[in-house]
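In my numbering, the protein residues as written are 1 to 222. In this text, a Cβ means the ideal position worked out from N, Cα and C, and glycines have one as well. For clarity, every value in this text was computed on a predicted model and none was experimentally measured.
Structure, rendered in structure tokens:
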């Protein structure tokens with residue numbers, strides 16, 4: 001495609017790449033991004049008793065069992081997933097990696113389901129899933145009872161999903177955000193408490209709606 005001057009217009013992917021570089025450069029200039037080899041410390045946050053009834057959890061205190069986080073990605077997000085996992089491990093979390101482990105094509109529903117199940121059954125307190133856009137994985141995770149997955153593209157939406165919606169799974173679009181921003185989103189997400197009061201009451205309504213469509217055995221009604 002050419003513009004009025006006869007020169008080629010940039011593709012959508014080229015525009016996204018430019019935006020991603022600008023955002024990462026801005027964050028680096030603000031001093032909010034640690035180096036790739038040694039990420040800065042995550043925000044200090046209080047612990048929680050469970051994924052279903054507590055606020056955000058940071059790295060476990062020295063001498064206690066580390067907080068478990070499940071991570072996963074399809075082939076489009078596997079490289080960024082590895083960097084996020086490295087940061088989490090260096091911060092003190094116990095990371096359960098559900099794959100993928102390379103760029104060979106895999107189906108995002110399988111990965112997202114694996115992560116969501118680890119959170120729903122209490123094996124992991126939180127979950128982080130990456131695919132190309134983050135949308136499909138968010139849809140899959142939210143099919144699992146007990147999961148409140150949120151797709152976030154910036155720090156504000158990350159904090160809002162935790163404070164207002166008590167999200168326990170975060171999904172990210174690897175094609176739309178760079179490494180630096182992704183890591184800062186994860187830090188902001190983990191560093192924000194679940195808010196009580198009216199926010200907790202509204203989240204309980206989400207849970208009540210979920211229960212309406214579940215059979216007494218816990219299976220989803222069809």
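ask   = By a C-beta neighbour count over all protein chains shown, 10 Å radius and 16 as the cutoff for buried, is residue 204 buried or exposed?
value = exposed
query = On the three-state DSSP scale, how would you describe residue 136?
reply = Annotated three-state conformation of residue 136 is helix, per DSSP.
Residue ranges of each alpha helix (DSSP H) within the segment 63–150, 4 or longer = 78–91, 108–120 and 135–141
inquiry  = Just to confirm my understanding: we take residue 154, look at its own chain, exclude 5 residues before and 5 after, and list those with CB closer than 8 Å. What are they?
reply    = 181 and 185
ask   = Can residue 138 and residue 120 be called in contact, C-beta distance under 7 Å?
value = no
request  = Provide the residue span of the alpha helix (DSSP H) that contains residue 173, from first to last.
outcome  = In the DSSP assignment, residue 173 falls outside any alpha helix (DSSP H) and lies within the beta strand (DSSP E) extending over 169–173.
key: Cβ-Cβ distance between residue 103 and residue 95 below 7 Å   = no
inquiry  = I want to check one thing, is the minimum distance from the CB of residue 167 to the heavy atoms of the ligand FAD below 6 Å?
reply    = In terms of ligand content, the structure shown is empty, and the ligand FAD therefore cannot be addressed.
request  = May I have the straight-line CA-CA distance separating residue 156 from residue 117, to the nearest angstrom?
outcome  = 27 Å
key: Range of the contiguous alpha helix (DSSP H) that encloses residue 165   = Segment: none, residue 165 is in no alpha helix (DSSP H) and carries neither H nor E.
query = Can you tell me the Cα-Cα spacing of residue 188 and residue 126, whole angstroms?
reply = 14 Å
Same chain only: Cβ atoms within 7 Å of residue 100, ignoring 5 sequence neighbours per side = 73, 74, 75, 78, 106 and 111
task = Take residue 108 and list the residues in its own chain whose beta-carbon comes closer than 6 Å to its own, dropping the five residues that flank it on each side.
result = 74, 131, 136 and 137
query = Exposed or buried, which one is residue 81 when buried takes at least 16 other CB atoms within 10 Å?
reply = buried
query = Exposed or buried, residue 214, counting other C-beta atoms within 10 Å across all chains shown (16 or more means buried)?
reply = exposed
ask   = What's the gap between the Cα of residue 202 and the Cα of residue 97?
value = 32 Å
task = Going by CA-CA distance only, name the one from 160, 65 and 151 that's closest to residue 193.
result = 160
query = Using the rule of at least 16 other Cβ atoms within 10 Å of the residue's Cβ for burial, across every protein chain shown, is residue 26 buried or exposed?
reply = Summary for residue 26: the model assigns pLDDT 47, below 50, so the residue's position carries little reliability; its value from the coordinates is reported in the next sentence. By the neighbour-count rule (16 or more Cβ atoms within 10 Å), residue 26 is not buried but exposed.
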